[in-house]
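Working notes for the structure below.
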Amino acid sequence: MNIFRLLGDICHLVAIIVLLLKIWKTRSCAGISGKSQILFALVYTTRYVDLFFTYVSLYNSVMKVIFLASSYATLYLIYVKFKATYDFNHDTFRIEFLLIPCVILSLLITHDYSPVELLWTFSIYLEAVAILPQLFMVSKTGEAETITSHYLFALGAYRALYIVNWIYRYYTESFIDGIAVVAGIIQTILYADFFYLYITKVLKGKDFKLPA
Amino acid sequence: YQRYRPKDEL
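Sequences listed follow chains A and B, in order.
So that you can map any letter, position 128 of the first sequence is 128 in the numbering used here, and since no number is skipped, the others follow by simple counting.
Counting the second sequence from 1 gives a position; the numbering used here is that position plus 212.
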């Protein structure tokens, strides 16, 4: 464990908590893409099946359980408890356009053809693009609530910090995993536009609105 | 260089 990975995990945790609190406190999931949240639940489910086979550390297991539980709690809030506030008219991204290529890619480029390894590879590819329905929704409505933009920033920053962690591990542990690195870089690039607007607008106290 | 799945990462 190094500081970059720890900070990345903290950002990830903060993002999830911010999203849950936003929905809970405002009693509304307006502006949140349920489809992105379905994809994230799928990402955690397929990646953390190794919870039952591989023990790394208490930290590792606890975080996995938190990510799994919070992703399903988020789905419950969006699709059950606060369903009336779910903005399905703007959440129109076709997730099969992400799921099918991710399945195919994980069958083509993987470390090993074992079920756990294939599921992990799929989860890495899917995570890279899972935010697209949310970004699509923001681009459709042209705006995001400030709290939603904080959520997106923390979620994007997490993988960016992981990239620094991989560079660090490359030099200190001679460790490199091509699949995670390439997917992680693509994932971070998808947030780049958002990062720019977040830093130039939200951090200066303005609302997050896309340029007309 | 070791190339494998980083099992310790989340």
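We put the CB at the ideal spot given by N, CA and C, even for glycine.
In this structure the region 187-207 of chain A lies against the region 149-169 of chain A, because at least three pairs of beta carbons, one per stretch, are closer than 8 Å. The beta carbon of D177/A falls within 9 Å of a beta carbon belonging to chain B, placing the residue at that interface. A direct Cα-to-Cα measurement between N165/A and F82/A gives close to 37 Å.
In chain order, A183, I186, Q187 place their CB closer than 6 Å to the CB of A128/A, counting only its own chain and leaving out the 5 sequence neighbours on each side. For A180/A, the C-beta contacts it makes with chain B under 7 Å involve P218, in order along the chain. The beta-carbon separation of A144/A and F93/A, rounded to 15 Å, does not stay under the 8 Å limit for a contact. In the same chain as T45/A, and ignoring 5 residues on each side of it, no C-beta atom comes closer than 6 Å to its own.
Against chain B, the beta carbon of N60/A has neighbours under 8 Å at D220, L222, listed in chain order.
By alpha-carbon distance to G205/A, the top candidate from A212/A, T146/A, L152/A is T146/A. In the DSSP assignment, E143/A forms a beta bridge with K209/A. The beta-carbon separation of K219/B and V56/A, rounded to 6 Å, stays under the 8 Å limit for a contact.
Take the alpha-carbon of A41/A and the one of Y72/A: they are about 6 Å apart. Here F175/A carries a strand assignment [DSSP, helix/strand/coil].
With respect to the 9 Å criterion, A130/A and L39/A are classified as neighbours on the basis of their beta carbons. Here N2/A is exposed: its Cβ has fewer than 16 other Cβ atoms, across all protein chains shown, within 10 Å. At a cut-off of 9 Å between beta carbons, Y151/A makes no contact with chain B.
Annotation for V116/A: the continuous alpha helix (DSSP H) segment containing it runs 115-129.
In this structure, DSSP gives S33/A a state outside helix and strand, which the three-state scheme calls coil.
The continuous alpha helix (DSSP H) containing I3/A extends over residues 3-26. Residue nearest to S36/A within the set R47/A, L75/A, I17/A is L75/A (criterion: CA-CA distance).
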